[in-house]
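Protein chains: 2
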Amino acid sequence: MSNNNLIKGSLQTIILKLLEENDKMYGYEITQRVKELTEGEIKITEGALYPALHKLEAEGLLTTEIQQVDNRVRKYYSLTKNGQKEVSAKMSELQSFVGNLQRILDPDWKPGLA
Amino acid sequence: MSNNNLIKGSLQTIILKLLEENDKMYGYEITQRVKELTEGEIKITEGALYPALHKLEAEGLLTTEIQQVDNRVRKYYSLTKNGQKEVSAKMSELQSFVGNLQRILDPDWKPGLA
DNA sequence: TTATATACATAAGAAACTTGGGTATATTTT
DNA sequence: AAAATATACCCAAGTTTCTTATGTATATAA
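As you go down the protein sequences, you meet chains G and F in turn. Counting from 1, one number per residue, gives the positions in the first sequence under UniProt numbering. Counting from 1, one number per residue, gives the positions in the second sequence under UniProt numbering.
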């Protein structure tokens with residue numbers, strides 16, 4: 001991923017969620033979007049991204065479609081039906097995990113507060 | 001960790017933070033505390049915990065002290081000075097990571113809001 | 001007496017990532 | 001014009017972290 005050695009399976013969730021919002025994205029675009037959304041703090045490396053995309057495709061959660069743009073090949077990914085189902089599952093898993101993390105690390109934390 | 005295969009590296013932060021709050025804890029106690037704080041949702045497995053404790057000790061962030069309690073051996077861990085410094089570093093790393101996650105996954109999210 | 005709880009530990013394997021390559025075209029900088 | 005950066009894909013070796021499966025030992029509950 002980047003300087004952060006955190007996250008393990010959250011990369012998959014990030015990919016799926018971005019594709020839910022954007023319909024079609026190609027790999028490089030995903031890295032740029034994440035960099036932009038986090039003001040450069042999270043940089044998804046290609047070594048992490050492409051294997052993750054291929055795995056999600058192999059699992060039937062994504063489909064691909066190749067386009068030529070200015071003599072360059074772009075591989076667009078989009079959610080399959082199963083992929084659409086998985087987004088919500090993965091999202092609530094992650095949100096609940098983050099909630100539990102807060103409960104452990106911040107004793108005063110309560111859901112619904114900052 | 002448990003059913004969650006999420007976020008790697010956060011176990012170290014959890015251990016350090018609990019020890020900051022509790023001064024001395026032994027391994028089994030840590031697993032129980034986490035289970036309790038998360039209402040059983042996160043269960044730290046021994047296969048994950050003990051290697052992590054040993055690693056933190058080897059890095060000089062924790063020291064140990066063995067006690068006999070009812071014919072049972074307990075190995076108490078506590079923070080070293082370096083360990084105390086590391087807690088804040090690891091905590092702000094994790095909090096900033098979680099913030100970035102929110103920015104990616106929840107476009108409307110802003111720090112300070114639920 | 002069998003199972004569960006307490007309490008430590010290790011070891012093999014899986015999974016996710018980093019690092020470091022490789023290929024190729026387009027644009028910007030020197 | 002040459003060099004560097006940006007765009008765009010990919011793979012493979014190695015590291016780290018975790019899971020799963022064991023092993024040891026005592027205490028308590030079913």
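Heads up, the beta-carbon is just placed ideally off N, CA and C, and yes, glycines get one too. Only a predicted model underlies this, so the values are computations on that prediction, with no experimental measurement involved.
Are the beta-carbon atoms of L18/F and I30/F separated by less than 8 Å? Residue mapping note: residue 18/F aligns to position 18 of the second sequence, counting from 1. Residue mapping note: residue 30/F aligns to position 30 of the second sequence, counting from 1. Yes.
E46/G burial status per 10 Å Cβ neighbour count (16 or more: buried): Looking up residue 46/G in the first sequence gives position 46. It counts as exposed.
Only counting runs of 4 or more residues, tell me where the alpha helix (DSSP H) segments fall wholly within the UniProt domain "Transcription regulator PadR N-terminal" (15-87) of chain G, in order along the chain. 27-37, 46-58
Grab me the residues of E86/G's own chain with a C-beta within less than 7 Å of its C-beta, minus the 5 sequence neighbours each way, in chain order. On the first sequence, position 86 is the one that residue 86/G refers to. The answer, listed in chain order, is L16, L61.
Rounded straight-line distance, which links the Cα of L37/F to that of D108/G: In the first sequence, residue 108/G corresponds to position 108, counting from 1. In the second sequence, residue 37/F corresponds to position 37, counting from 1. D108/G and L37/F: Cα-Cα distance of roughly 12 Å.
So if I threshold CB-CB distances at 9 Å, which residues from the stretch 31-48 of chain G count as touching chain F? R33, V34, L37, T38, E39, E41, I42
Nearest-angstrom Cα separation, counted from Y77/F out to T63/F: Position 63 of the second sequence holds residue 63/F. Position 77 of the second sequence holds residue 77/F. Approximately 6 Å between the Cα atoms of the pair.
Give the secondary structure of K90/F by DSSP, where H, G and I count as helix, E and B as strand, and everything else as coil. Working through the second sequence from its first residue, we reach residue 90/F at position 90. In the structure shown, K90/F sits in a helix (DSSP, three-state: H, G or I).
Report yes if the C-beta distance between I104/G and V98/F is below 8 Å; otherwise report no. As a first step, residue 104/G is located in the first sequence; it is residue number 104 there, counting from the start. As a first step, residue 98/F is located in the second sequence; it is residue number 98 there, counting from the start. Against a cut-off of 8 Å, the Cβ pair of V98/F and I104/G comes out as no contact.
Less than 8 Å between the C-beta atoms of A58/G and L11/G, yes or no? Position 58 of the first sequence, counting from 1, holds the residue named residue 58/G. Position 11 of the first sequence, counting from 1, holds the residue named residue 11/G. Contact: no.
Cβ neighbour criterion (16 or more within 10 Å) applied to A52/F: The residue you call residue 52/F lines up with position 52 of the second sequence. Classification for A52/F: buried.
Cα separation between E20/G and L79/G? In the first sequence, the residue the question calls residue 20/G occupies position 20. In the first sequence, the residue the question calls residue 79/G occupies position 79. The alpha-carbon atoms of E20/G and L79/G are separated by roughly 7 Å.
Name the chain F residues that come within less than 9 Å of N100/G, Cβ to Cβ? Stepping through the first sequence from its first residue, residue 100/G is reached at position 100. In chain order: N4, V34, L37, T38, E39, E41, I42.
Status (buried if at least 16 other CB within 10 Å, exposed otherwise) for K81/G: Taking the first sequence and counting its residues from 1, the one referred to as residue 81/G is at position 81. K81/G should be labelled exposed.
Can you find the residues in the same chain that come closer than 6 Å, C-beta to C-beta, to K24/G, ignoring five residues on each side of it along the sequence? Translated into positions along the first sequence, residue 24/G becomes position 24. Here the set comprises Y76, S78.
If you measure between the beta carbons of R74/G and Y26/G, is that distance less than 8 Å? For the purposes of this step, residue 74/G is taken as residue 74 along the first sequence, with counting starting at 1. For the purposes of this step, residue 26/G is taken as residue 26 along the first sequence, with counting starting at 1. For R74/G and Y26/G, yes; Cβs fall inside 8 Å.
Compute the beta-carbon to beta-carbon distance between E41/F and N100/G, rounded to the nearest angstrom, for a pair I have assumed lies under 8 Å. Counted from its first residue, the second sequence places residue 41/F at position 41. Counted from its first residue, the first sequence places residue 100/G at position 100. Right, their Cβ atoms sit about 5 Å apart.
Cα separation between I14/G and Y28/F? As a working mapping, residue 14/G is identified with position 14 in the first sequence. As a working mapping, residue 28/F is identified with position 28 in the second sequence. For I14/G and Y28/F, the distance between alpha carbons rounds to 34 Å.
Beta-carbon proximity list for L67/F, same chain, < 7 Å, skipping 5 on both sides: The residue given as residue 67/F occupies position 67 in the second sequence. The residue you asked about is not Leu; residue 67/F is Gln in the sequence shown. R74, Y76.
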